[in-house]
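Okay, so here's the structure we're looking at.
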Amino acid sequence: MLSQEDNELLTQTGPGTPMGELFRQYWIPALLAEELPENDCPPVRV
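Numbering-wise (the numbering used here), the sequence shown opens with residue -9 and increments by one.
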């Protein structure tokens, strides 16, 4: 089991957190391309 400190290190993804900074360096898609209405569509709320 993780300590509280390790758990927070891995699960906190807000700005300024280690995991948040890691996520902001990579593209993490939330939808498949097939789920978008059309090419160059407006942003989709997830």
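Think of the CB as a built atom: it goes at the ideal place given N, C-alpha and C, for glycine as much as any other residue. Every value quoted in this text rests on a predicted model; they were computed, and no experiment measured them.
Self-check item: N29 versus A23: straight-line alpha-carbon distance, rounded
Solution: Within the sequence shown, the letter at position 39 stands for residue 29. Within the sequence shown, the letter at position 33 stands for residue 23. If I take the Cα positions, the gap works out to 9 Å.
Quiz item: Considering only residues of the same chain and omitting the five flanking positions on each side of P8, which have a CB-CB separation below 7 Å?
Solution: Looking up residue 8 in the sequence shown gives position 18. For P8, where only same-chain residues beyond five positions count, the Cβ hits under 7 Å are L(-1).
Quiz item: Leaving out the 5 sequence neighbours to the left and right, which residues in its chain are closer than 6 Å to G10 when beta-carbon positions are compared?
Solution: Taking the sequence shown and counting its residues from 1, the one referred to as residue 10 is at position 20. Hits under 6 Å: T3 and G4.
Quiz prompt | L26 to V34 span [Cα, whole Å] | solution = Residue 26 sits at position 36 when you count from the first residue of the sequence shown. Residue 34 sits at position 44 when you count from the first residue of the sequence shown. Those two C-alpha atoms are separated by around 8 Å.
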